[in-house]
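Input: a single structure, listed below in structure tokens.
Residue numbers (the UniProt record's numbering): 1 to 176.
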């Protein structure tokens with residue numbers, strides 16, 4: 001498979017550098033790494049099918065981005081769990097109880113977005129990447145904090161979510 005150069009395939013940084021130099025001198029070998037980008041270059045049917053079915057998109061304003069798509073996925077899973085729990089109670093144990101899923105920090109404990117190349121400080125203010133990804137990151141972080149606070153306060157009224165968001169916003173802006 002020539003879709004990536006995996007650093008784990010090399011014994012040292014020197015070996016990796018030598019391979020990259022080899023590719024730089026041999027266009028035919030380098031072009032093998034670009035073949036997957038050509039029409040019908042992706043042959044993994046599982047990947048293709050999941051890309052067709054996904055509810056989020058990349059550079060498609062008619063679809064949510066993958067962060068918002070993940071939020072929808074989590075809500076869909078939680079609603080399915082609540083329905084299964086309700087059915088289990090109604091059936092007096094004749095239908096199976098829903099499987100327990102417990103989130104860990106590693107699931108969504110992500111660092112702030114960073115550019116793939118260079119430093120974030122080098123990206124000018126107003127840049128679309130900086131505006132979109134950083135804003136989305138901090139908003140999602142605040143939403144997670146608001147939901148956690150609501151859970152800790154046994155808050156069940158979803159209409160209070162934005163009250164919690166407002167408190168978090170005020171707290172954050174007072175510290176800046």
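Glycine included, every Cβ here is placed at the ideal spot set by N, Cα and C. Small disclaimer: the values here were computed from a predicted structure and weren't measured.
Burial state of residue 164 (16 or more Cβ within 10 Å): Position 164 of the chain shown, counted from the first residue, corresponds to residue 164. Residue burial is scored here from C-beta neighbours: residue 164 has at least 16 other C-beta atoms within 10 angstroms and is therefore classed as buried.
Where the alpha helix (DSSP H) containing residue 173 begins and where it ends: In the chain shown, residue 173 corresponds to position 173, counting from 1. Run containing residue 173: 161 to 175, per the alpha helix (DSSP H) assignment.
Ranges of the alpha helix (DSSP H) found wholly within the segment 63 to 138, counting only runs of at least 4: For the segment 63 to 138, whole alpha helix (DSSP H) runs of length 4 or above, ordered along the chain, are 66 to 90 and 105 to 108.
Bounding residues of the alpha helix (DSSP H) (the contiguous stretch that carries residue 16): For this step, residue 16 is matched to residue 16 along the chain shown. Segment 13 to 25, the alpha helix (DSSP H) holding residue 16.
Nearest to residue 32 (by Cα), restricted to the options 81, 4, 101 and 62: Residue mapping note: residue 32 aligns to position 32 of the chain shown, counting from 1. For residue 32, the nearest C-alpha among the options comes from 4.
Sequence-distant residues of its chain with Cβ nearer than 7 Å to residue 195 (five each side left out): Residue 195 lies beyond the stretch modelled for the chain, which goes from 1 to 176, so this question has no answer here.
Any 3 or more C-beta pairs closer than 8 Å across the segment 70 to 90 and the segment 98 to 105: They touch, by the three-pair rule.
Through-space distance from residue 112 to residue 54, alpha-carbon basis: Along the chain shown, one-based indexing puts residue 54 at 54. Along the chain shown, one-based indexing puts residue 112 at 112. Roughly 25 Å separates the two Cα atoms.
Range of the contiguous alpha helix (DSSP H) that encloses residue 59: Residue 59 sits at position 59 when you count from the first residue of the chain shown. If you look at residue 59, you'll find it isn't in any alpha helix (DSSP H); DSSP assigns it neither H nor E.
Backbone CA spacing between residue 110 and residue 142 [nearest angstrom]: Within the chain shown, numbered from 1, the residue matching residue 110 stands at position 110. Within the chain shown, numbered from 1, the residue matching residue 142 stands at position 142. Answer to the nearest angstrom: the Cα atoms are 13 Å apart.
Residue 69 versus 77, 57, 61 and 80, residue with shortest Cα-Cα distance: Counting from one through the chain shown, the residue named residue 69 turns up at place 69. Of 77, 57, 61 and 80, the smallest CA-CA separation from residue 69 is found for 57.
Straight-line Cα distance separating residue 60 from residue 121: Locating residue 121 in the chain shown gives position 121, where the first residue counts as 1. Locating residue 60 in the chain shown gives position 60, where the first residue counts as 1. Going by C-alpha positions, residue 121 is about 27 Å away from residue 60.
Identity of the residue in 152, 78, 138 and 161 nearest residue 173 by Cα: Counting from one through the chain shown, the residue named residue 173 turns up at place 173. Considering only alpha carbons, the answer is 138.
Own chain residues within Cβ distance below 7 Å of residue 168, not counting five before or after: Mapped onto the chain shown, residue 168 falls at position 168. Excluding residues within five positions, the ones whose Cβ falls inside 7 Å are 142, 145 and 146.
Beta-carbon proximity of residue 123 to residue 115, cut-off 8 Å: Mapped onto the chain shown, residue 123 falls at position 123. Mapped onto the chain shown, residue 115 falls at position 115. Taking C-beta atoms as the reference points, residue 123 and residue 115 count as a pair closer than 8 Å.
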